[in-house]
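Enquirer:
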Amino acid sequence: MKKIYCNIKKCLGCGSCEIACAVEHSKSKELNNTISESPLPIKRRKAEFVEEGVAISAGCQHCDNAACVTACMSGAMYKELKTGLTRHDRDKCVGCWMCIMSCPFGAITREKQEKQVVKCDLCPDRDKPACVEACPTRALSLGTFKEFKKLCNM
Amino acid sequence: MQYVIIGSSAAGINAVEAIRAKDKDSKIVVISDEKKPLYSRCLISYLLAGTIDEKKIWYRKDSFFKNNKVNAFLGIKAVEINAKKKEVLLDNKEKVVFDKLLVATGASPKLENIPGIDKAGVFPLRTIGHTAEIQSMLEKVKAVAVLGGGLIGLRAAYALKARGKDVSVFVKSGSILSQIVDKDAASLMQKRIEEKGIKIFTGVAAKEITGDRSAKGIALDNGLKHGCELVIIGKGVSPNIEIAGGSGIKTNWGILTNDSLETNVEGIFAAGDVSETNDIALGESSINAIWPAACEQGRIAGLNMAGEREIYEGSLAMNSIEFFGLPVISVGITKPKSDAYEEIVRKDAARNIYKKVVLKDGVVAGVTFVNSIENIGIIGSLIKNKTNIEGIKNIILEDYFDYGKIIPLIKKSKKGFREPEFKETILTL
Chain A
1339 MKKIYCNIKK CLGCGSCEIA CAVEHSKSKE LNNTISESPL PIKRRKAEFV EEGVAISAGC
1399 QHCDNAACVT ACMSGAMYKE LKTGLTRHDR DKCVGCWMCI MSCPFGAITR EKQEKQVVKC
1459 DLCPDRDKPA CVEACPTRAL SLGTFKEFKK LCNM
Chain B
4 MQYVIIGSSA AGINAVEAIR AKDKDSKIVV ISDEKKPLYS RCLISYLLAG TIDEKKIWYR
64 KDSFFKNNKV NAFLGIKAVE INAKKKEVLL DNKEKVVFDK LLVATGASPK LENIPGIDKA
124 GVFPLRTIGH TAEIQSMLEK VKAVAVLGGG LIGLRAAYAL KARGKDVSVF VKSGSILSQI
184 VDKDAASLMQ KRIEEKGIKI FTGVAAKEIT GDRSAKGIAL DNGLKHGCEL VIIGKGVSPN
244 IEIAGGSGIK TNWGILTNDS LETNVEGIFA AGDVSETNDI ALGESSINAI WPAACEQGRI
304 AGLNMAGERE IYEGSLAMNS IEFFGLPVIS VGITKPKSDA YEEIVRKDAA RNIYKKVVLK
364 DGVVAGVTFV NSIENIGIIG SLIKNKTNIE GIKNIILEDY FDYGKIIPLI KKSKKGFREP
424 EFKETILTL
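Residue numbers (the working numbering), protein chains in the order written: chain A, 1339 to 1492; chain B, 4 to 432.
1. So that I know if they touch, is there some Cβ in chain A lying closer than 8 Å to that of B:Ile379?
2. Whose Cβ in chain B lies nearer than 9 Å to the Cβ of A:Tyr1343?
3. Determine which residues of the region 1415-1444 of chain A have a Cβ less than 7 Å from any Cβ of chain B, and write them out in chain order.
4. With distance defined between alpha-carbon atoms, name the residue in B:Leu329, B:Lys418, B:Ile392 and B:Asn388 nearest to B:Val360.
5. Rounded to a whole number of angstroms, what is the C-alpha to C-alpha distance between B:Ser333 and B:Ala296?
6. Examine the Cβ distances between the region 323-332 of chain B and the region 190-205 of chain B and report whether three or more of them are shorter than 8 Å.
7. Beta-carbon within less than 8 Å of B:Lys38's beta-carbon, same chain only, minus the 5 sequence neighbours each way: which residues are those?
8. Give the DSSP-derived three-state secondary structure of B:Gly132 in the structure shown.
9. Since B:Ala292 is in the beta strand (DSSP E), which residue starts that stretch and which ends it?
10. Quick one, which of B:Glu83, B:Glu422, B:Pro112 and B:Ser111 has its alpha-carbon nearest B:Val99's?
11. Residues in the region 1386-1401 of chain A with C-beta within 9 Å of chain B's C-beta atoms, listed in sequence order?
12. Which complete alpha helix (DSSP H) runs does the region 1394-1446 of chain A hold, if anything under 4 residues is left out?
13. Taking only beta-carbon positions, decide if B:Ile332 is within less than 8 Å of chain A.
14. Let me check understanding here. Comparing Cα to Cα, which of A:Met1439, A:Ser1395 and A:Ser1479 lies closest to A:Cys1352?
15. So with Cβ pairs under 8 Å, would you call A:Ile1346 a contact of chain B?
16. Using 8 Å as the threshold, is the C-beta distance between B:Leu50 and B:Phe67 below it?
17. Return the chain-ordered list of same chain residues with a C-beta closer than 8 Å to the C-beta of A:Cys1490, the five sequence neighbours on each side being excluded.
18. Hey, would you say B:Ile235 sits closer than 8 Å to B:Gly167, going by beta carbons?
19. Return the first residue and the last residue of the alpha helix (DSSP H) that B:Tyr49 is part of.
20. Check the Cβ-Cβ distances between A:Thr1447 and every residue of chain B, and say whether any is below 8 Å.
21. Identify the contact partners of A:Lys1384 in chain B, using a Cβ-Cβ distance below 7 Å as the criterion.
22. With a CB to CB cut of under 8 Å and the five nearest residues on each side skipped, what residues in its chain are close to A:Gly1422?
23. Classify B:Ala208 as helix, strand or coil using the three-state DSSP reduction.
24. Residues of chain A with a CB under 8 Å from the CB of B:Lys59: which are they?
25. Using a 10 Å radius around the Cβ and a threshold of 16 neighbouring Cβ atoms, would you call B:Gly153 buried or exposed?
The following block contains the structure:
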């Protein structure tokens, strides 16, 4: 399964991934216009500090045995059989927040007015997710875990 | 090999999917006393409220049984298990033989033992059938009395308020949601609910439902009377263990199982609201009759029935509710019963925020968040993994607390955080 990995050694916690993610999930997809959108688009990744000088860009891990899918009472959160990715069906979501209650990574956010949740969807309109493209230190990458390990020389 | 599953809600459905993932060919029989199962029980109050339409209530599509090659006996009740003959007896006198059996019979609403409980216009809210019955009489209803201030009672109250009814909730204990949250969180919720026009009366119980054939009101134990045309009973549920009677399957409050979710009778498993399991936070046997636990138990029981060895670590109480835009989520212990527990609390009255964690010997045992609920799953994961959080105690309730802050704890942990995703995220630390 291909997903987004973060190399903590390279991550500065600069937040470029957050901005790129929010813009990609905005109506206009242009930073300048995004700022004046209402409601503002919601980022699906967060640059989080582990300790001073150490940061991680964290988001949905598309878990094998996804707690959000188990907890989802409407069937909106599901595993896509072909790819193994964790997907969210807005038509089924009722905004019960059971997935937020269950996600061990804090990777799911409320869209309050819409009574929906949002999380990393790997940017379906792009070849490479916006965060990966925007990362100035190449801490973020898209690939399999094997490819990620190779990339980090581990 | 023939698998038989009694029950077709959360646990039953997840068991079918788990079995089919491992065993494509063997026969699976599902027995359900509901004619049209496969809906989400948690959503029936949404349907009653009119916040979702009927289309949204289906947890799985109609084609579920066909796609999973399930022989479904619907609208038929399993009444007896003969463990020696490996047979399930149905209420139509038919028998179904099994090699592996899952008892996922769920739970039934507790009905109050008060005079008048059998009058027309008195309902629990447990099945899609109850919703339909309530809907069909709503036109004639002006006032509603809800007996019980738990999750179901309040969800019903919220739904009927949304339908324009005059709703009063009568709560025997001193505060609403007393099984789920502490008094501080409950009072925030109560304030919001009352502001929106639902009346809540605490410390009072109904002693009789009055009227002729139909409910016309309730008589309260404080001597007062309350007129209403509809009474909703929200007094919790009790596990449907009758089926285990005479079978040799061991029961306590619920059906007892080992860590494979197999009962004391080889080849017979139990999952969902009917099963009693080890509660991770309490460290004792308990029933957590909640959707996520039922799904996980169904999945694990199904895998073990199909010959895998998947261990069930135990259940954890967890609930998420929102009323009129104010959400509350709690996981694990919210009201510690002894001095052995420590509480850390953060209140932000201006933003309606209340956050609390409960610790025992530095290990998190419970958490409650009101209004600001993001990231609570991280703390839930600390509870599951029995993590000592002494080092992050001072920041755990802050707005900036996030996954990054527990990475050092994951790195240090020897036994916990076994899922591969944790290892993947800390690989490069």
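Think of the CB as a built atom: it goes at the ideal place given N, C-alpha and C, for glycine as much as any other residue.
Expert: Taking the structure as given:
1. Chain A, which has a Cβ nearer than 8 Å to the Cβ of B:Ile379, makes this yes.
2. Simply Glu427, Thr428, Leu430 and Thr431.
3. Within the region 1415-1444 of chain A, the residues whose Cβ lies closer than 7 Å to any Cβ of chain B are, in chain order, Lys1430, Val1432, Cys1434, Trp1435, Met1436, Ile1438, Met1439, Ser1440, Cys1441, Pro1442, Phe1443 and Gly1444.
4. Taking the Cα of B:Val360 as reference, the smallest distance to any Cα among B:Leu329, B:Lys418, B:Ile392 and B:Asn388 is reached at B:Ile392.
5. Inter-residue distance for B:Ser333 and B:Ala296 is about 14 Å (C-alpha atoms, whole angstroms).
6. Taking a contact to require three or more Cβ pairs closer than 8 Å, the region 323-332 of chain B and the region 190-205 of chain B qualify as touching.
7. Contacts found: Leu77 and Gly78.
8. Residue state for B:Gly132 is assigned as helix, using DSSP reduced to three classes.
9. Premise fails: B:Ala292 is in no beta strand (DSSP E) and is neither H nor E.
10. Among B:Glu83, B:Glu422, B:Pro112 and B:Ser111, the Cα nearest to that of B:Val99 belongs to B:Glu83.
11. Here the close residues are Glu1386, Phe1387, Val1388, Glu1389, Val1392, Ala1393, Ile1394, Ala1396, Gln1399, His1400 and Cys1401.
12. For the region 1394-1446 of chain A, whole alpha helix (DSSP H) runs of length 4 or above, ordered along the chain, are 1405-1409 and 1436-1440.
13. Cβ-Cβ to chain A under 8 Å: yes for B:Ile332.
14. For A:Cys1352, the nearest C-alpha among the options comes from A:Ser1395.
15. Against chain B, the CB of A:Ile1346 has a partner CB under 8 Å away; the residue lies at that interface.
16. In terms of Cβ geometry, B:Leu50 and B:Phe67 do not form a close pair [threshold 8 Å].
17. Closer than 8 Å at the Cβ level, and outside the excluded window around A:Cys1490, lie Asn1345 and Lys1347.
18. One thing to note: B:Ile235 has its Cβ no nearer than 8 Å to the Cβ of B:Gly167.
19. Per DSSP, B:Tyr49 belongs to the alpha helix (DSSP H) from Ile47 to Ala52.
20. So, interface residue.
21. Correct list: Asp405.
22. Excluding positions up to five away in sequence, the list reads Met1339, His1400 and Asp1402.
23. DSSP places B:Ala208 in coil when its eight states are reduced to three.
24. Neighbours of B:Lys59 on chain A, chain order: Ser1412, Asp1429, Lys1430 and Val1432.
25. Taking all protein chains in view, the Cβ of B:Gly153 is crowded by 16 or more other Cβ atoms within 10 Å, so the residue is classified as buried.
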